[in-house]
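A.B. asks: After the structure tokens below, expect a handful of questions from me.
Residue numbers (the working numbering): 10 to 572.
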């Protein structure tokens, strides 16, 4: 049976009655009977095939391909359609990772699924100005979908293509269409003229004609068409030289258990250095705040690895670059703080009474002005010989062959799996021993210290993740993230209150008494109060969050993995 479509109420009633009667008579259980009936009442196609592409050899492109098909099948040709599409994604390919592709065509943005290129949704875009963030689009479900996938990342243009599509309807003896086929030429725009056309054949099966599709597939395969050409994004990426998913801020290193410690450390450090370099241009161009965030995380991980993976590198090298990357991290601190405040503007206004919300505008105008100054300062710092020498010297050290018998590097030749277990075990014990001592009466500094220990544990587990069963260590990392989120929220709320209090004190010190300043002071005071209440709630949730992390199952799993 190719498809099941049942719509008549009488048929549904008889079928439901029969299922009920026979299930009772023969004691057959239908746990999802309700689901079955819902599907019967909503016509579905059980064998709906997915449209997919095949590559057409250059020798059979265009009219030749049409002629080959016409010799075998009755066909009906449709007019050619020429279109220009511009594709977009974030720097870290968030849409691609969600199996989606976004493109602009004929003053409309379209969001399609990758697997079958079917449209998910679209939104008109008559403006010549290109959107950068999800909030640039009009209020719609389309916008909410982008928000859920992109967060605060900016859209970047990938490439533009021109397509010429000729529809072909494959007919049977009764002149009924049994298969729709598109012959499509794809050409990249804004590239060298000698870039070749890519010719594809898109099969679009129709319900109830699976046998016809299979026969046609075999026919065109015999003509030399390559199956599974991928989606249009894959094809255009291959021609342009771009590789979907070529950047990720995640530490993706593959270590082998027998690898010496010094070589494993170099693999980890090299990956982190690459992430830093990949984000430099985005920081300078000020595309979005995540370039700086990813850069900072790579710097912090580098400093953490230099401290945690002990005695695998020469002492003088470790000491020197710990200081160097501490310097690099400090360059970015103020700008990141300002980014965080500006990203929270909508949230800050939302937690205030409506009357006070406009009074926060002067604060955010001040923060934006400060941010522009800090960004210029950071860009200048990234162009200095001091910064460039740090990265170049670090890279030179990492690519140089490791030396044997270096003083202060007694773990250089030890197998990395033994080092990894010891490092993670020690850091985990620090987290647990500190966490179980924290009570509701403990000073805030204890939670801050625990947050630092958790960060070290998270980094060490990510450094050596490839050495352990992925499901188990992935589970522990997710559990640790929950604890980190609680501690991170607590710390962020504390820092935000301090900064707002300082701004408020400066405002009062100016000794202005106009109504505008009073409203600003009232708004900031209200904001501080709201953040304080939120901080109290986060603190109260700590004990439960820590107990969930330190539960018996996690303890057993940590011991099983890391000894």
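From the three backbone atoms N, C-alpha and C, an ideal C-beta is built for every residue, glycine too.
Let me know the beta strand (DSSP E) ranges lying completely inside the stretch 70–122, each 3 residues or longer, listed in chain order.
C.D. replies: Here the runs fully enclosed are 84–98, 109–114 and 117–122.
A.B. asks: Answer yes or no: do residue 436 and residue 456 have a C-beta to C-beta separation smaller than 8 Å?
C.D. replies: Mapped onto the chain shown, residue 436 falls at position 427. Mapped onto the chain shown, residue 456 falls at position 447. It is not a contact, given that the beta carbons lie outside the stated cut-off.
A.B. asks: I need the DSSP call for residue 139, collapsed to helix, strand or coil.
C.D. replies: Translated into positions along the chain shown, residue 139 becomes position 130. It is coil, neither helix nor strand.
A.B. asks: Among 153, 151, 234 and 572, which one has its Cα closest to the Cα of residue 192?
C.D. replies: Reading the chain shown from its first residue, position 183 is the one you call residue 192. For the residues 153, 151, 234 and 572, the minimum Cα distance to residue 192 belongs to 234.
A.B. asks: Classify residue 307: buried if its beta carbon has 16 or more other beta carbons within 10 angstroms, exposed otherwise.
C.D. replies: Within the chain shown, numbered from 1, the residue matching residue 307 stands at position 298. Under this definition residue 307 is a buried residue.
A.B. asks: To the nearest angstrom, report how far apart residue 84 and residue 180 are at their CA atoms.
C.D. replies: Looking up residue 84 in the chain shown gives position 75. Looking up residue 180 in the chain shown gives position 171. So the alpha carbons of these two residues sit roughly 6 Å apart.
A.B. asks: Can you list, in chain order, the residues of its chain with a C-beta nearer than 6 Å to that of residue 221? Leave out the 5 residues immediately preceding and following it.
C.D. replies: Along the chain shown, read from residue 1 onward, the residue named residue 221 stands at position 212. Excluding residues within five positions, the ones whose Cβ falls inside 6 Å are 187 and 188.
A.B. asks: Count the other C-beta atoms from every protein chain shown that fall within 10 angstroms of the C-beta of residue 246, then say buried if there are 16 or more, exposed otherwise.
C.D. replies: Counting from 1 along the chain shown, the entry for residue 246 is found at position 237. Buried: at least 16 other Cβ atoms inside 10 Å.
A.B. asks: If we ignore side chains and look at the alpha-carbon of each, how far apart do residue 564 and residue 481 end up?
C.D. replies: The residue you call residue 564 lines up with position 555 of the chain shown. The residue you call residue 481 lines up with position 472 of the chain shown. The alpha-carbon atoms of residue 564 and residue 481 are separated by roughly 12 Å.
A.B. asks: Please report how far the alpha carbon of residue 311 lies from the alpha carbon of residue 334, in whole angstroms.
C.D. replies: Counting from one through the chain shown, the residue named residue 311 turns up at place 302. Counting from one through the chain shown, the residue named residue 334 turns up at place 325. Whole-angstrom Cα-Cα distance: 8 Å.
A.B. asks: When you compare only the Cα positions, how much space is there between residue 57 and residue 215?
C.D. replies: Here residue 57 refers to the residue found at position 48 when the chain shown is read from its first residue. Here residue 215 refers to the residue found at position 206 when the chain shown is read from its first residue. Interpretation of residue 57 is limited by its pLDDT of 38, a score under 50 that renders its predicted location unreliable; the figure taken from the coordinates is listed afterwards. The alpha-carbon atoms of residue 57 and residue 215 are separated by roughly 7 Å.
A.B. asks: With distances taken Cα to Cα, identify the nearest neighbour of residue 297 among 174, 159 and 355.
C.D. replies: Numbered from its first residue, the chain shown carries residue 297 at position 288. Here the closest residue by C-alpha is 159.
A.B. asks: Here's the rule: buried if 16 or more other CB atoms are within 10 angstroms of the residue's CB, otherwise exposed. What is residue 479?
C.D. replies: Within the chain shown, the letter at position 470 stands for residue 479. Under this definition residue 479 is an exposed residue.
A.B. asks: Which same chain residues, not among the five before or five after residue 295, have their C-beta less than 8 Å away from its C-beta?
C.D. replies: Walking along the chain shown from the start, residue 295 turns up at place 286. These residues qualify, in order along the chain: 384.
A.B. asks: Residue 63 by DSSP, collapsed to three states: which one?
C.D. replies: Walking along the chain shown from the start, residue 63 turns up at place 54. In the structure shown, residue 63 sits in a strand (DSSP, three-state: E or B).
A.B. asks: Taking C-alpha atoms, which residue in 401, 376 and 424 lies nearest to residue 473?
C.D. replies: In the chain shown, counting from the first residue as 1, residue 473 sits at position 464. For the residues 401, 376 and 424, the minimum Cα distance to residue 473 belongs to 424.
A.B. asks: Within this structure, are the beta carbons of residue 396 and residue 349 separated by less than 8 Å?
C.D. replies: The residue labelled residue 396 in the question sits at position 387 within the chain shown. The residue labelled residue 349 in the question sits at position 340 within the chain shown. Contact flag unset, no.
A.B. asks: Please state the DSSP three-state secondary structure of residue 364.
C.D. replies: For the purposes of this step, residue 364 is identified with residue 355 of the chain shown, where counting begins at 1. If DSSP states are grouped into helix, strand and coil, residue 364 belongs with coil.
A.B. asks: Report the three-state DSSP secondary structure of residue 327 (helix, strand or coil).
C.D. replies: Taking the chain shown and counting its residues from 1, the one referred to as residue 327 is at position 318. Looking at residue 327 - three-state DSSP - the assignment turns out to be helix.
A.B. asks: Taking DSSP as the reference, what is the three-state secondary structure of residue 174?
C.D. replies: The residue labelled residue 174 in the question sits at position 165 within the chain shown. Here residue 174 sits in strand by DSSP.
A.B. asks: Report the residue ranges of all alpha helix (DSSP H) runs contained in full by the stretch 389–476; include only those spanning at least 4 residues, in chain order.
C.D. replies: You should have 394–408, 425–444 and 453–472.
A.B. asks: So, does the CB of residue 338 fall closer than 8 Å to a CB anywhere in chain D?
C.D. replies: The displayed structure is made up of one protein chain only, and chain D is not part of it.
A.B. asks: Could you give the C-beta distance for residue 502 and residue 552, rounded to a whole number, given that I count them as a contact under 8 Å?
C.D. replies: Translated into positions along the chain shown, residue 502 becomes position 493. Translated into positions along the chain shown, residue 552 becomes position 543. With 8 Å as the limit, residue 502 and residue 552 do not qualify as a contact, their Cβ atoms being about 17 Å apart.
A.B. asks: Would you mind giving the Cβ-Cβ distance between residue 209 and residue 65, rounded to the nearest angstrom? I have them listed as a contact below 8 Å.
C.D. replies: On the chain shown, residue 209 is found 200 positions in, with the first residue counted as 1. On the chain shown, residue 65 is found 56 positions in, with the first residue counted as 1. Sure, about 6 Å apart at Cβ, within 8 Å.
A.B. asks: Use the C-beta contact count for residue 236: other C-beta atoms within 10 angstroms, 16 or more gives buried, fewer gives exposed.
C.D. replies: Here residue 236 is taken as the residue at index 227 of the chain shown, counted from 1. With fewer than 16 other Cβ atoms within 10 Å, it is exposed.
A.B. asks: Assign residue 45 to one of three DSSP states: helix, strand, or coil.
C.D. replies: The residue given as residue 45 occupies position 36 in the chain shown. Unreliable positioning characterises residue 45 in this predicted model, as indicated by a pLDDT of 34, which lies under 50. The coordinate reading is nonetheless provided below. The answer is helix: DSSP assigns residue 45 an H, G or I state.
A.B. asks: What is the DSSP secondary structure of residue 235, reduced to helix, strand or coil?
C.D. replies: Residue mapping note: residue 235 aligns to position 226 of the chain shown, counting from 1. Of the three classes helix, strand and coil, the one that applies to residue 235 here is strand, per DSSP.
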